[in-house]
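Okay, so here's the structure we're looking at.
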Amino acid sequence: MHRIKIHQGKVAALTVDAIVNPLVVNSQVINKTAQDQLRRENCLVGDVRIVPPSSESPSTVIEVIGPLWRGGEYQEEEQLAACYRKAMDMAKRENFRTIAFAPINAGARGFPANRATKIAVQQVDSALRQNPLMEWVIFCCSDPVTTALYRTQVGR
C-alpha cells in the first residue's frame with residue numbers, strides 16, 4: 019500500500035490529476051439545484067461522471083453518487099465498494115496518475131466511518147494492483163479521527 023497516502027486538510031488544496039467528489043441524492047448534503055440535475059440525468063447510486071477542470075478547480079473532478087446509510091440492510095457496503103471501484107475505473111480510463119478521494123458518504127453523511135474506511139482502502143488497493151501506471155491515491159480527511167482510521171487501515 020505504498021501508493022496510498024493519507025492527508026488531513028482540504029481536498030481542493032491538493033495538486034492531483036483528479037479529485038473524487040461524493041454526492042448524495044435525497045440528502046441535505048448537496049443543494050437542491052444539484053439534486054434536481056442529478057435526477058434529470060437519471061443518476062443512480064454508484065454512477066460516476068467527469069467534470070473538466072475550471073477556474074474554480076484546476077483538477078478534473080470525478081463526481082460519484084454515494085449510498086445513504088440506512089442501517090446496513092440495503093446493500094450499502096456493496097454500493098459503497100462499487101463507488102470506489104467505478105471512480106478508480108474512470109481514473110484508469112482517463113489515464114490519471116494521481117487522484118484524491120474525500121471520504122464517500124462517511125461520518126457526517128451517515129455511513130459508519132470505520133466500515134467506510136475499510137471498504138475505501140480495500141477497493142483502492144485492489145484497483146492500484148490492477149493499474150501500475152497510477153502513481154498514488156490520496157485519502158483526504160477533514161479531522162484527526164478520520165485520519166487515524168485511514169492510517170490504521172493502510173497500516174501506517
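Just so we're aligned: 39 in our numbering is position 21 of the sequence shown, and the numbers increase by one with no gaps anywhere. Cβ coordinates follow ideal geometry from the N, Cα and C atoms, glycine included.
> Can you tell me whether DSSP reads residue 63 as helix, strand or coil?
Replying inline: Stepping through the sequence shown from its first residue, residue 63 is reached at position 45. The answer is coil: DSSP assigns residue 63 none of H, G, I, E or B.
> Helix, strand or coil: how does DSSP classify residue 47 here?
Replying inline: Residue numbering aside, residue 47 sits at position 29 when the sequence shown is read from its first letter. Confidence at residue 47 is low in this model, with a pLDDT of 45, below 50, so the placement of that residue should be treated as unreliable; the coordinate-derived value is given next. In the structure shown, residue 47 sits in coil (DSSP, three-state: anything other than H, G, I, E or B).
> Grouping DSSP H, G and I as helix and E and B as strand, with all else coil, what is residue 194?
Replying inline: No answer is possible for residue 194: the residues shown for the chain start at 19 and end at 174.
> residue 64 to residue 120, Cα distance in whole Å?
Replying inline: To locate residue 64, count along the sequence shown from 1; it is residue 46. To locate residue 120, count along the sequence shown from 1; it is residue 102. Roughly 15 Å between the two C-alpha positions.
> What's the C-alpha gap between residue 171 and residue 91?
Replying inline: Numbered from its first residue, the sequence shown carries residue 171 at position 153. Numbered from its first residue, the sequence shown carries residue 91 at position 73. CA-to-CA, the gap between residue 171 and residue 91 works out to about 24 Å.
> For residue 164, does the three-state DSSP call read helix, strand or coil?
Replying inline: Numbered from its first residue, the sequence shown carries residue 164 at position 146. It is helical.
>> Measuring alpha carbon to alpha carbon, tell me which residue in 153, 156, 137 and 33 is nearest residue 102.
In response: Residue mapping note: residue 102 aligns to position 84 of the sequence shown, counting from 1. Answer by Cα proximity: 137.
>> Would residue 79 and residue 39 be called neighbours here (beta carbons separated by less than 8 Å)?
In response: Counted from its first residue, the sequence shown places residue 79 at position 61. Counted from its first residue, the sequence shown places residue 39 at position 21. Yes, these two residues count as a Cβ contact at 8 Å.
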